[in-house]
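**Student:** In the numbering used here, the protein residues as written are 31 to 347.
C-beta: ideal position from N, C-alpha, C; glycine also.
Remember, predicted model here, so these are calculated numbers, not experimental data.
(1) When you compare only the Cα positions, how much space is there between residue 294 and residue 174?
(2) If we ignore side chains and look at the alpha-carbon of each, how far apart do residue 125 and residue 55 end up?
(3) At the level of alpha carbons, what is the spacing between residue 274 and residue 84?
(4) Which class does residue 97 belong to by DSSP, given the choice of helix, strand or coil?
(5) Could you give the C-beta distance for residue 244 and residue 181, rounded to a whole number, given that I count them as a contact under 8 Å?
(6) Report the three-state DSSP secondary structure of residue 70 (helix, strand or coil).
(7) Residue 134 lies in the beta strand (DSSP E); which residues open and close that run?
(8) On the CB-based measure, 16 or more other CB atoms within 10 Å of its CB, does residue 345 come out buried or exposed?
(9) Quick one: what does DSSP say residue 118 is sitting in, helix, strand or coil?
(10) So, helix, strand or coil for residue 262, using DSSP?
(11) Quick one: what does DSSP say residue 35 is sitting in, helix, strand or coil?
(12) Where DSSP assigns a beta bridge to residue 139, which residues make up the other side?
(13) Kindly indicate the opening and closing residues of the alpha helix (DSSP H) around residue 291.
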């Protein structure tokens, strides 16, 4: 991949990473106990021609992540909440953002040179678009993530003026959003915490009249970390999918998706735990339930066949 973590920001004489040469986008990264991966990502971000400000939220790491960032990348704004906030750590960071757009990536992913500017250009030119999701390339093989084909071939019909395929949701690790739209929609739900947390926010943005698009011209690289709890993420993702359906879909649609998941997920302990956790949350779900407008629901119905066929989104692991 090239470069030594902590040195890329000084690779070209006179460079000042994080000074905001482009001026439109801040990058937000959440992390926990992935020090080496994060340092590599920050070195990549430091070398970007856009020189974006970067905010890192360290969700309670115990491996010296915060100290390493402070030492190797003092230009980074480092936030250290007292507990693991999951995806909600991004909300904390967005409070600090002073640019019109915010781009998210994970500690094992990074934006390609020019992609932040390309995404910002699309948002500048299309005021009805709230978010731009980039093409994802998996490293070190350099191959497209399987999810890209689904984004590129989205079944949703959008207005003719959209600069790319309309999306029903987005991938937080590869998306640039309007800062004000993110804040107005409430950011990521503390209830969902992490795992498919984008679906609820995306739907709430759509209910406010915003569109989300895929942009081929922007690229994010992803070198999947080996430090991940696949089973725990699967439990959270399945639970959150159920909660989202019950929170925003009309009851017939929510029941349809619930029954389909019950029939298709592996019949094992993690699936049982996910359904149990979802059912335990029913009291607050019913209190906070707010169905989406019919125009948004019609888009969600169009996505159901894609969700059934998806090979990139499986509740296994």
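**Tutor:** This is what the structure holds:
(1) Cα to Cα, the separation comes out at about 26 Å.
(2) Whole-angstrom Cα-Cα distance: 14 Å.
(3) When only Cα atoms are considered, residue 274 and residue 84 end up about 30 Å apart.
(4) The answer is helix: DSSP assigns residue 97 an H, G or I state.
(5) 4 Å between Cβ atoms; contact.
(6) Secondary structure of residue 70 (DSSP, three-state): helix.
(7) In this chain, the beta strand (DSSP E) harbouring residue 134 covers 131-136.
(8) With a pLDDT of 43 at residue 345, under the threshold of 50, the modelled position of this residue cannot be trusted, and the question is left open.
(9) Per DSSP, reduced to three states, the secondary structure at residue 118 is helical.
(10) In the three-state scheme derived from DSSP, where H, G and I count as helix and E and B as strand, residue 262 is classed as helix.
(11) Because the pLDDT at residue 35 is just 37, under 50, the model does not fix this residue reliably, and the point stays unresolved.
(12) According to DSSP, residue 139 bridges with 252.
(13) According to the DSSP assignment, residue 291 belongs to the alpha helix (DSSP H) that extends over 281-294.
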